[in-house]
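A.B. asks: There's a structure below that I have some questions on.
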Amino acid sequence: MKVHGVFLMAVFYYHAYTELVNGQPRKDCQTSCGKVTIEYPFGTSPDCYYADDPSFNITCNEREELIFGGNKVINISHTELRVWNDISYACYDSGGNVTDGVSYSYSLANLSLSRNNKFTLVGYNAFALLSTTGARDYSTGCLSACDSPPAGNGDCNGEGCCRTDVYVPLDSIGFETRPSGFGNMTVMHDFNPCKYAFLAENGTFHFNASEDLKNLRNVKEFPVLLDWSIGNQRCDQVGNRSICGMNNSICVNSTRGTGYNCKCLEGFEGNPYLSNEKGCQDINECISTIHKHNCSDPSTCRNKDGGFYCKCRSGYRLDTNTMSCKRKDFGWATILLGTTIGFLSILLLISCVQQKMKHRKTAELRQKFFEQNGGGMLIQRLSGPGTSNANVKIFTEEGMKTSTNGYDKSRILGQGGQGTVYKGILPDNSIVAIKKARLGDNSQVEQFINEVLVLSQINHRNVVKLLGCCLETEVPLLVYEFINSGTLFDHLHGSLFGPSLTWEQRLRIAVEIAGTLAYLHSSASIPIIHRDVKTANILLDESLTAKVADFGASRLIPMDKEQLTTMVQGTLGYLDPEYYNTGLLNEKSDVYSFGVVLMELLSGQKALCFERPLQSKHLVHYIASAMKENRFHEVIDEKVINENNWKEIEEAVRVAMECTRMTGEERPLMTEVAAKLEGLRVTKSKHQWSDQYPGDETENLVGVGSYQRKAIQVALAMIASRM
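Residues -23 to -1, 1 to 700 (mature numbering (1 follows the signal peptide of the UniProt record, and there is no 0)) are what the sequence shown spells out, left to right.
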């Protein structure tokens, strides 16, 4: 094992001078080195350290490191020197043989180890010695005995780490740290190959078993405190020859047992070894944030040399017994004032109690509404498995009331089975749609929570964006982005939105709806079935882009299931007959509903119309019957068909008929529908719907017999001849 001697050449010899003020530094002396402040009596050049005594001479090297006796200085205080201290270590191989090691010895000269240091050993089955030399040799040590990896981090309690106080003799002139191991090193080699011993300032080392037992060798040094003093005589011996007492400072005996130090008087701060403006100066306790005064109302702080005093303000007097300010006696006025204050205090207390009760009642009511509106269910389901914890903004009741002008009827955008939708204007002038749910039973609450849950999982340009919700009201509220051009139903069957939609617009809208449903079925994090696809739930923005809305009836389908058994929900005319009869819900139910929407786009007629013959009240039956009877030209909206697009319309009709087959097994997937419509839109009749079902193509449709492709072409030719 190697032994390196590191000598701290710091000999503080004091020479008695007869003058009161000795060797004050020049004004141009270097005051810092890097980040370390250099304070007198230390200095880096002649006439800058105490009385030109070389013992106080320190060096600032080219790397701006302050060096004292070969060691880097961390900082200098008025009684201590903080320097970096190397770590001693001993490393072993798996056979227990020493492979590397270093122990360090130090020459203290006239410095002393501060008792604010700790001697520390890190290692298992290890011991370490701290030995000093001097008039009285001294040794102390630490022992850590254990042969299994640590269960966790902790204090130095003898398991992997040992720490002891440093009480070495004050006249010690040097010390050495040396670690060593014992016992079976093979067991410990993987998690503790080396043993470490070092001195460190108390509080600078925190044991981390998982790191320190194996990697402490990466740490080269720790800070250590060394006590210093001037000369080797005590204050009573040096008398008025000390450099203290020249500017609000006094002489104090050094804690190291020899020499003395200077200290500022109480109420002063600065360098007690200087007599200039950097020496001990008065502390203004009245404005200081460190040395705070204890004056309190009705007194005010007044600074004085070396301290402060509290001055009573007008109307108060100083009680010399308690040294506190007392109100002057005004007789009956005092009684009246006290009575008034007492009465007002009672009123204030009553008011505070009432306000507290009111706030408590309001909070309880809001909590009641929160639970009543499914808040607990929402939080539980949002944080549950299979759903993302969406960042949904929570709006206040007052904010919702203000934005809808007190839920004024003129702000109603629409009403449906799931609730009423209002137009709202938020404080930032942004326009939103606010849905006020209808509550009649627990199922309605679940539908509301379900809509929040579903929308929080969807991130698609053709789905209405959920902005947040409000649960503090008697009925829950949902806040959506505002879509300002009505519904697809309004554009197809109303007269408020000008000219009828062109074929290109209808085909694009169909592609957007199909793509959105395909995303919900296949691309969302959890498959989602809308369960209420209809033209009234398709919103159009100012550019006539489709936005799928109203997810109150939607369901999330677990990844391990293809269908769910649920209570039948939906809208007559769009409802999947197989789902209606069996209660089994799957993605083919949305395919059927989309087929009806596509028929509406092609025909311009409503999904359910009681003005049509009894057998044709349902649009699916109506179109299927017309196809069977070669009346195809009667069911296509004459506003959209022409000689250039009849083949596209024929293909679109074929898609709609495939989507509305009687059984879900015979219907295509929504992804297939979206791909066919997108191809139809882009290629303009080059891609034909493949004959996946040979033979009569409508024999499996609801209540319809077979019809031939030729009949469709003849009917379209008749329409084209009329254009």
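C-beta: ideal position from N, C-alpha, C; glycine also. A quick note: this is a predicted structure, and the numbers were derived from the prediction, not measured.
Could you check the C-alpha separation between valine 60 and valine 13 for me, to the nearest Å?
C.D. replies: Taking the sequence shown and counting its residues from 1, one reaches residue 60 at position 83. Taking the sequence shown and counting its residues from 1, one reaches residue 13 at position 36. Between valine 60 and valine 13, the C-alpha separation is close to 11 angstroms.
A.B. asks: In whole angstroms, what is the alpha-carbon distance linking residue 717 and proline 18?
C.D. replies: No information on residue 717 is available, as it lies outside the stretch -23 to 700 that the chain covers here.
A.B. asks: Looking only at C-alpha atoms, which of Glu153, Gly137, Thr154 sits nearest to proline 170?
C.D. replies: Position 193 of the sequence shown, counted from the start, is the residue given in the question as residue 170. Of the candidates Glu153, Gly137, Thr154, the one whose C-alpha sits nearest the C-alpha of proline 170 is Gly137.
A.B. asks: Which parts of the region 322 to 357 are runs of the alpha helix (DSSP H), unbroken and 4 residues or longer, counting only runs that do not cross its ends?
C.D. replies: If we require 4 residues or more, the region 322 to 357 turns out to have no alpha helix (DSSP H) run fully inside it.
A.B. asks: I'd like to know if the region 103 to 113 and the region 186 to 197 are in contact, where contact means that at least 3 CB-CB pairs between them fall below 8 angstroms.
C.D. replies: Too few Cβ pairs lie closer than 8 angstroms, so no.
A.B. asks: For the pair the region 445 to 462 and the region 393 to 412, tell me if three or more CB-CB distances fall below 8 angstroms.
C.D. replies: These segments touch.
A.B. asks: Ordered along the chain, which non-local residues of its own chain (more than five positions away) have a Cβ less than 6 angstroms from that of leucine 516?
C.D. replies: Along the sequence shown, read from residue 1 onward, the residue named residue 516 stands at position 539. Closer than 6 angstroms at the Cβ level, and outside the excluded window around leucine 516, lie Ile460, Thr464, Lys524, Ala526.
A.B. asks: Considering just the uninterrupted stretch of the alpha helix (DSSP H) at valine 50, what are its terminal residues?
C.D. replies: Translated into the one-based positions of the sequence shown, residue 50 becomes position 73. Run containing valine 50: none in the alpha helix (DSSP H); it sits in the beta strand (DSSP E), 48 to 53.
A.B. asks: List the whole-angstrom C-beta distance separating asparagine 34 from tyrosine 26, where the pair is believed to meet the contact cut-off of C-beta under 8 angstroms.
C.D. replies: As a working note, residue 34 is residue 57 in the sequence shown. As a working note, residue 26 is residue 49 in the sequence shown. Their Cβ separation, rounded to whole angstroms, is 5 angstroms, which keeps asparagine 34 and tyrosine 26 in contact under 8 angstroms.
A.B. asks: Going residue by residue through the region 193 to 256, where are the continuous alpha helix (DSSP H) segments of at least 4 residues, counting only ones entirely within it?
C.D. replies: Within the region 193 to 256, the complete alpha helix (DSSP H) runs of at least 4 residues are 212 to 215.
A.B. asks: Could you check which residue in Gly292, Cys212, Asn230, Cys241 has the C-alpha nearest to that of methionine 223?
C.D. replies: Position 246 of the sequence shown, counting from 1, holds the residue named residue 223. Ranking Gly292, Cys212, Asn230, Cys241 by Cα distance to methionine 223 puts Cys241 first.
A.B. asks: Roughly how many whole angstroms lie between the Cα atoms of proline 476 and valine 650?
C.D. replies: On the sequence shown, residue 476 is found 499 positions in, with the first residue counted as 1. On the sequence shown, residue 650 is found 673 positions in, with the first residue counted as 1. When rounded, the distance between both Cα atoms is 28 angstroms.
A.B. asks: Just to confirm before moving on: does the CB-CB distance between cysteine 139 and cysteine 123 stay below 7 angstroms?
C.D. replies: To locate residue 139, count along the sequence shown from 1; it is residue 162. To locate residue 123, count along the sequence shown from 1; it is residue 146. Contact: no.
A.B. asks: For lysine 616, is the classification buried or exposed, using 16 other Cβ atoms within 10 angstroms of its Cβ as the cut-off for buried?
C.D. replies: Sequence index remark: in the sequence shown, residue 616 carries index 639 (1-based). So lysine 616 counts as exposed.
A.B. asks: Return the CA-CA distance between cysteine 636 and proline 404, expressed in angstroms with no decimal places.
C.D. replies: What you label residue 636 is simply residue 659 of the sequence shown in a count that begins at 1. What you label residue 404 is simply residue 427 of the sequence shown in a count that begins at 1. So the two alpha carbons sit approximately 45 angstroms from each other.
A.B. asks: Measure from the alpha carbon of glutamine 291 to the alpha carbon of each residue in Met300, Arg304, His498, Leu106, then state which is nearest.
C.D. replies: Start at 1 with the first residue of the sequence shown, and residue 291 comes out as number 314. Residue identity differs from the one stated: residue 291 is serine in this sequence, not glutamine. Here the closest residue by C-alpha is Arg304.
A.B. asks: Check for me: the alpha helix (DSSP H) holding tyrosine 556 runs from which residue to which?
C.D. replies: By one-based count along the sequence shown, residue 556 stands at place 579. It spans 554 to 559 - the alpha helix (DSSP H) in which tyrosine 556 sits, taken as one unbroken run.
A.B. asks: Taking a contact to mean a Cβ-Cβ separation below 7 angstroms, would you say lysine 583 touches histidine 507 in this structure?
C.D. replies: Here residue 583 is taken as the residue at index 606 of the sequence shown, counted from 1. Here residue 507 is taken as the residue at index 530 of the sequence shown, counted from 1. No, they are not a contact pair.
A.B. asks: Within 8 angstroms, do at least three Cβ pairs link the region 422 to 440 to the region 325 to 344?
C.D. replies: These segments do not touch.
A.B. asks: Rank Leu203, Pro554, Leu484 by C-alpha distance to the C-alpha of residue 712 and give the top, closest one.
C.D. replies: With the chain represented from -23 up to 700, any question about residue 712 goes unanswered, as that position is not in the structure.
A.B. asks: By a C-beta neighbour count over all protein chains shown, 10 Å radius and 16 as the cutoff for buried, is glutamine 332 buried or exposed?
C.D. replies: Residue 332 sits at position 355 when you count from the first residue of the sequence shown. Exposed is the call here.
A.B. asks: Less than 8 angstroms between the CB atoms is what I'm expecting for threonine 97 and phenylalanine 45, so what's the real figure, rounded?
C.D. replies: One-based indexing of the sequence shown puts residue 97 at position 120. One-based indexing of the sequence shown puts residue 45 at position 68. Rounded, the Cβ-Cβ distance is 24 angstroms, inconsistent with contact.
A.B. asks: Please work out which residues of its chain come closer than 6 angstroms, Cβ to Cβ, to aspartate 377, disregarding the five sequence neighbours upstream and downstream, and give them in chain order.
C.D. replies: Taking the sequence shown and counting its residues from 1, the one referred to as residue 377 is at position 400. What sits at residue 377 in the sequence shown is methionine, not aspartate. Same-chain partners within the cutoff: Cys447, Leu454.
A.B. asks: Suppose contacts are defined by Cβ-Cβ distances below 7 angstroms. Is glycine 351 in contact with isoleucine 426 by that definition?
C.D. replies: Residue numbering aside, residue 351 sits at position 374 when the sequence shown is read from its first letter. Residue numbering aside, residue 426 sits at position 449 when the sequence shown is read from its first letter. Going by C-beta atoms, glycine 351 is nearer than 7 angstroms to isoleucine 426.
A.B. asks: Between Leu596, Cys586, Asp509, which lies nearest to aspartate 567 when the distance is taken from Cα to Cα?
C.D. replies: Along the sequence shown, one-based indexing puts residue 567 at 590. Per the Cα distances, Asp509.
A.B. asks: Would you please verify whether the beta carbon of threonine 76 is less than 7 angstroms from any beta carbon of chain C?
C.D. replies: Included in the structure is just one protein chain, with no chain C present.
A.B. asks: So, under 8 angstroms CB-CB, residue 701 and glutamate 246 are touching, yes? Tell me the CB distance rounded to an integer number of Å.
C.D. replies: There is simply no residue 701 to check, as the chain begins at -23 and stops at 700 in what is shown.
A.B. asks: Can you tell which of Val422, Lys442, Tyr384, Glu458 has the C-alpha that lies nearest to the C-alpha of asparagine 406?
C.D. replies: Along the sequence shown, one-based indexing puts residue 406 at 429. Here the closest residue by C-alpha is Glu458.
A.B. asks: Is the Cβ-Cβ distance between serine 121 and alanine 103 less than 7 angstroms?
C.D. replies: As a first step, residue 121 must be located in the sequence shown, where it is residue number 144. As a first step, residue 103 must be located in the sequence shown, where it is residue number 126. Cβ distance < 7 angstroms, so serine 121 and alanine 103 count as in contact.
A.B. asks: According to DSSP, what are the bridge partners of tryptophan 61?
C.D. replies: Position 84 of the sequence shown holds residue 61. Answer is Pro200, bridged to tryptophan 61.
A.B. asks: Can you find the residues in the same chain that come closer than 6 angstroms, C-beta to C-beta, to glutamate 153, ignoring five residues on each side of it along the sequence?
C.D. replies: As a working note, residue 153 is residue 176 in the sequence shown. Cβ neighbours of glutamate 153 beyond the five flanking positions: Ser82, Ser108.
A.B. asks: What separation, rounded to the nearest whole angstrom, lies between the Cα atoms of proline 590 and leucine 552?
C.D. replies: On the sequence shown, position 613 is the one that residue 590 refers to. On the sequence shown, position 575 is the one that residue 552 refers to. For proline 590 and leucine 552, the distance between alpha carbons rounds to 20 angstroms.
A.B. asks: Specify the secondary structure class of alanine 523 as computed by DSSP and reduced to three states.
C.D. replies: Reading the sequence shown from its first residue, position 546 is the one you call residue 523. It is a strand residue.
A.B. asks: Report yes if the C-beta distance between threonine 548 and lysine 594 is below 7 angstroms; otherwise report no.
C.D. replies: Your numbering for residue 548 matches position 571 in the sequence shown. Your numbering for residue 594 matches position 617 in the sequence shown. Taking 7 angstroms as the Cβ cut-off, threonine 548 and lysine 594 do not qualify as a contacting pair.
A.B. asks: Which partner residues does cysteine 10 have in the DSSP bridge list?
C.D. replies: Position 33 of the sequence shown, counting from 1, holds the residue named residue 10. DSSP lists Val13 as partners of cysteine 10.
A.B. asks: Candidates Leu88, Asn195, Lys197, Thr317: which alpha carbon is nearest isoleucine 150's?
C.D. replies: In the sequence shown, counting from the first residue as 1, residue 150 sits at position 173. The candidate whose alpha carbon is nearest that of isoleucine 150 is Leu88.
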